[in-house]
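Protein sequences, first through last, are from chains Z and F.
The opening position of the first sequence corresponds to residue 1 in the numbering used here, with each subsequent residue numbered one higher.
The opening position of the second sequence corresponds to residue 1001 in the numbering used here, with each subsequent residue numbered one higher.
The beta carbon of each residue, even a glycine, is placed where N, CA and C say it ideally should be.
Please read the structure below before turning to the comments.
There are 2 protein chains.
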Amino acid sequence: MKSRLHFDEQLLSRERKRLLEQIEKEQEHIGYYSLPNQDISPILEFAQSFDDTIETIAVIGIGGSSLGAKAVYEFLRPVKKLKRRLYFFESTDPINIESQLESIDIEKSHFLVISKSGTTVETMAIFKYIYSLDSSRDRFTFISEEGSKLDQFAQKIGATRFHLQESVGGRFSVLSVVGLLPLALSGVDVVELLKGASRIKESFFNDGYIKELLLNKASFYAKNHAIYNINCLFAYSETLRYFIQWYVQLWGESLGKKQRHSAFNVGLTPIGLIGPKDQHSFLQLIMEGTRDKSISFIEIADFQKSLEIPDISLPHLEDMDLLNGVKFSDLISMQSQSVLEALLEEGDIPIDEIVIDRVDEASMGELIYYYELLTSLVGELIDVNTYDQPGVEAGKRILKEKLEKRKKND
Amino acid sequence: MKSRLHFDEQLLSRERKRLLEQIEKEQEHIGYYSLPNQDISPILEFAQSFDDTIETIAVIGIGGSSLGAKAVYEFLRPVKKLKRRLYFFESTDPINIESQLESIDIEKSHFLVISKSGTTVETMAIFKYIYSLDSSRDRFTFISEEGSKLDQFAQKIGATRFHLQESVGGRFSVLSVVGLLPLALSGVDVVELLKGASRIKESFFNDGYIKELLLNKASFYAKNHAIYNINCLFAYSETLRYFIQWYVQLWGESLGKKQRHSAFNVGLTPIGLIGPKDQHSFLQLIMEGTRDKSISFIEIADFQKSLEIPDISLPHLEDMDLLNGVKFSDLISMQSQSVLEALLEEGDIPIDEIVIDRVDEASMGELIYYYELLTSLVGELIDVNTYDQPGVEAGKRILKEKLEKRKKND
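Given below as structure tokens:
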């Protein structure tokens, strides 16, 4: 991975010291930092000896329990022959549940029920429904915190259980068993995924090039969070379609908070974009709209595809001969560079770029850890608790009241 | 459709008069207003007599040439047995082009090449590639402005052509031949789609209930555009996944502009969300983040599905028995209402809601026209040209320079 800022920023040395001390301290109780170095042999063994007749792994999970695995799986799927399909049941929309169920064969499927707390309403509602269709314990594997009610249930029925450490939050859990188990079962090389993450971790904590870059990038976002309150991630490949959704959750849910030492609501709003498609959708707003957005480009250095535009001239369309003989991979690179340069010409839009090597596990591991670290740094600088989400409780409380009222009226 | 604002707003009568006069005047040169009343018999006849051996309609188009048809098609697909699949080639990403081509049988496919100007780089690059694989003219139908270079080419090779009127902009073209042709070929009832749009049009222009509602909603967004510069559309059904992408283009590209009579960059930033999934991703930021967002809910009144959570009690999970016997359609409604009430409790987040009757063509037609009108109203009030997109030209110019330079170096 290469990464480069097109704006000037230098974190002050006193702030720098304090920030690094905080991050050092966080590592004692925030679990995601050490995930690249975990022992994953239980996951690998489980995947290796898994029933070969199972064709589909269906994840019943939502938010942090699905977005990470989905991002990695959908990134690799178009280029890698994977062993099993991954499916995600993430909605209570009955139309969606029905059409998802129609497209899998339950007899050839295995369900991973994933909920950190074990009491996620959507997950439990869907699980109950599917369990009523087939209640054999071998059909299910459960991932939850040790001792949660879901974990106790799984133990009671004698199903396989995996545990997510309490110190790893849902949106930071893709490199834990939550993401690794479905990925390993589908045939993704999770060892390589962790290797990529390790590279970024090493570079950051051992004074590699990524350290100053991330510190300065975080500093810029934090210092200017009231001006550039929107951060766009403009990824130039369809393979990153779900990665940007993972980023939206990570960024939005981590950084949209009440400040710890003030009365203020703060937050950086994430927007995920895919190029070149969204040049035809969102670029106009970036170029000419309110100056409230920073833009990060993600590009792929080597698409490993030789597909090219044929060298044919069509009557009346001779203007398009400029494209003849151009590889699509070169075209898309030129497109992202053209947009980047056009935005730089404006002079008042903060731009940076990330170039990953290719579409493989290690590159995705790098991207994931890069964004997790960046999120932690910004969170610390804008004085929020990066790892909680108290704002979602009110909705849950009201839903519970509605369900109780409904039951009473029955 | 029902629609309701949870904030107080009253457009001043002088402004109201001026705005309505402007919209009246716009109808003379902005084509989308009259699309609900157009004669679509050529489209219907073409679809009716279309080759039965064709199983896949592949749209080669990007932005306004694909987002609308995709929104409607993906909305209906899970509930309606459609005659043909729709595919969309929207990217120059070589990985994407290859995997899309692998999943269709060219012999059983028909390609719709859609570009208003006829010179869209992405569309022409993909078209050239596919044309080099199969250059029989019967394999393609072309939709472009009459007399464009693409139209001239299509005429030259003797292929079928349809024309988009110059007065209909790409992002307002879903109810023109651009959206209707692929939809009619796939088996969507486009007559019903237009009927839905007509209902909203009638209600607005003949003093129906939608008129004051849209005027006041537009007034609120425009007046507060510097405070609530982000508009979130929170749609509670997976079927609306692509509708929100269509909305993002419509809103962002129409309203992100330099003002006509000032030196300022203005813009309202659209964000599309899907419930309940994004409760686990974006809700925290809305609840506790910076107060820069308005939220519009879209709900479906009748999912027409009886799927329910089974009445079973599981050991250790008895807390979840509250869900027993609840229909999923009731659960998702309770979820959206719970989030809406939680946000209202905050007191400083502007909320409104739209309830469509069901997942069918007429409801989608209503939604489309509702948002088109709202966009026109807000654009007029914040003093931008709603219908152009000058900001995307710089990137195109730079790309052309890069391609020319490359050619010279060859």
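Interface residues of chain F facing residue i [CB-CB closer than 9 Å]
{"i": "Y221 of chain Z", "result": "Correct list: empty, because the minimum Cβ distance to chain F is about 13 Å."}
{"i": "E345 of chain Z", "result": "A1394 and I1398"}
{"i": "S237 of chain Z", "result": "S1091, D1093, I1095 and N1096"}
{"i": "V359 of chain Z", "result": "I1095"}
Beta carbon of residue i nearer than 8 Å to that of residue j
{"i": "Q1245 of chain F", "j": "L1044 of chain F", "result": "no"}
{"i": "M1287 of chain F", "j": "G391 of chain Z", "result": "yes"}
{"i": "V113 of chain Z", "j": "L86 of chain Z", "result": "no"}
{"i": "V178 of chain Z", "j": "V359 of chain Z", "result": "no"}
{"i": "D93 of chain Z", "j": "E1074 of chain F", "result": "no"}
{"i": "L317 of chain Z", "j": "L1133 of chain F", "result": "no"}
{"i": "Q1284 of chain F", "j": "Q389 of chain Z", "result": "yes"}
{"i": "L314 of chain Z", "j": "L11 of chain Z", "result": "no"}
{"i": "G170 of chain Z", "j": "G272 of chain Z", "result": "no"}
{"i": "V188 of chain Z", "j": "L35 of chain Z", "result": "no"}
{"i": "I40 of chain Z", "j": "F89 of chain Z", "result": "no"}
{"i": "D278 of chain Z", "j": "N229 of chain Z", "result": "no"}
{"i": "V1355 of chain F", "j": "M1001 of chain F", "result": "yes"}
{"i": "L1367 of chain F", "j": "F1282 of chain F", "result": "no"}
{"i": "N231 of chain Z", "j": "P182 of chain Z", "result": "no"}
{"i": "A1218 of chain F", "j": "L1374 of chain F", "result": "yes"}
{"i": "I1398 of chain F", "j": "S338 of chain Z", "result": "yes"}
{"i": "L1381 of chain F", "j": "L1005 of chain F", "result": "no"}
Beta-bridge pairing of residue i - partner residues as DSSP gives them
{"i": "H1110 of chain F", "result": "F:I1057"}
{"i": "K1423 of chain F", "result": "What the structure shows of chain F is the stretch from 1001 to 1410, and residue 1423 of chain F is not part of that stretch, so it cannot be assessed."}
{"i": "L1340 of chain F", "result": "Beta-bridge pairing links L1340 of chain F to no other residue."}
{"i": "P270 of chain Z", "result": "Z:N231"}
{"i": "Y1087 of chain F", "result": "F:A1058"}
{"i": "D352 of chain Z", "result": "Z:L5 and Z:S296"}
{"i": "N1265 of chain F", "result": "F:K1258"}
{"i": "K277 of chain Z", "result": "BP columns for K277 of chain Z are empty, so no partner."}
{"i": "E74 of chain Z", "result": "Per DSSP, none; premise fails for E74 of chain Z."}
{"i": "E308 of chain Z", "result": "Z:K327"}
Chain-ordered chain F contacts of residue i [CB-CB under 7 Å]
{"i": "K305 of chain Z", "result": "P1094, I1095 and E1098"}
{"i": "M364 of chain Z", "result": "Under the 7 Å cutoff, chain F gives no residues; its nearest Cβ is about 14 Å from M364 of chain Z."}
{"i": "V248 of chain Z", "result": "S1281 and F1282"}
{"i": "L1 of chain Z", "result": "The sequence as given places Met at residue 1 of chain Z; Leu does not occur at that position. In chain order: nothing, as chain F lies at least about 18 Å away."}
{"i": "I40 of chain Z", "result": "Within 7 Å Cβ-Cβ: nothing; I40 of chain Z doesn't reach chain F, min ~25 Å."}
{"i": "G179 of chain Z", "result": "Within chain F, no residue comes near G179 of chain Z; the closest Cβ sits about 15 Å away, beyond 7 Å."}
Residue i CB to nearest heavy atom of the ligand COA below 7 Å
{"i": "I23 of chain Z", "result": "You won't find the ligand COA in this model; it holds no ligand whatsoever."}
Amino acids of chain Z, ordered along the chain, whose beta-carbon sits closer than 8 Å to that of residue i
{"i": "M1124 of chain F", "result": "L317, M320 and L323"}
{"i": "G1196 of chain F", "result": "Those within 8 Å of G1196 of chain F in chain Z number zero; the least Cβ separation is about 19 Å."}
{"i": "N1265 of chain F", "result": "E288, G289, T290 and R291"}
Beta-carbon neighbours of residue i, restricted to chain F and to distances below 8 Å
{"i": "K407 of chain Z", "result": "L1322"}
{"i": "P78 of chain Z", "result": "I1095, N1096, E1098 and S1099"}
{"i": "G252 of chain Z", "result": "S1281, F1282, Q1284, L1285 and G1289"}
{"i": "S329 of chain Z", "result": "P1094"}
Proximal chain Z residues relative to residue i, where beta-carbon distance stays under 7 Å
{"i": "N979 of chain F", "result": "Here chain F covers residues 1001 to 1410 and nothing more, so residue 979 of chain F does not appear."}
{"i": "V1168 of chain F", "result": "Result: empty, since nearest Cβ-Cβ is about 16 Å, beyond 7 Å."}
{"i": "Y1129 of chain F", "result": "I309 and P310"}
{"i": "F1153 of chain F", "result": "L314, P315, H316 and L317"}
{"i": "E1341 of chain F", "result": "I398"}
{"i": "S1338 of chain F", "result": "G395, I398, L399 and K402"}
{"i": "P1276 of chain F", "result": "S91, T92 and E122"}
{"i": "S1132 of chain F", "result": "P310 and I312"}
{"i": "I1332 of chain F", "result": "T92 and D93"}
{"i": "T1141 of chain F", "result": "Going along chain Z, no residue has its Cβ under 7 Å from T1141 of chain F, so there is no contact; the nearest lies around 16 Å."}
Contacts of residue i in chain Z (Cβ-Cβ under 9 Å)
{"i": "L1150 of chain F", "result": "H316 and L317"}
{"i": "K1257 of chain F", "result": "Q284, L285, E288 and G289"}
Would you call the region 292 to 305 of chain Z and the region 1395 to 1409 of chain F in contact, with 3 or more CB pairs under 8 Å?
no
Could you say if the region 99 to 109 of chain Z and the region 49 to 56 of chain Z meet the contact criterion of at least three C-beta pairs nearer than 8 Å?
yes
Mind the definition here: the region 1259 to 1271 of chain F touches the region 278 to 292 of chain Z only if three or more C-beta pairs lie below 8 Å; say whether that holds.
yes
So, do the region 304 to 311 of chain Z and the region 323 to 343 of chain Z have three or more beta carbon pairs nearer to each other than 8 Å?
yes
Could you tell me which whole alpha helix (DSSP H) segments of length 4 or greater appear in the region 1086 to 1173 of chain F?
1094 to 1102, 1121 to 1133 and 1149 to 1157
Between the region 23 to 32 of chain Z and the region 211 to 222 of chain Z, are three or more C-beta pairs nearer than 8 Å?
no
Threshold first: 4 residues or longer. Then list the alpha helix (DSSP H) segments lying entirely within the region 187 to 220 of chain Z, N to C.
190 to 205
When you compare the region 115 to 130 of chain Z with the region 142 to 160 of chain Z, are there three or more beta-carbon pairs, one atom per stretch, that lie closer than 8 Å?
yes
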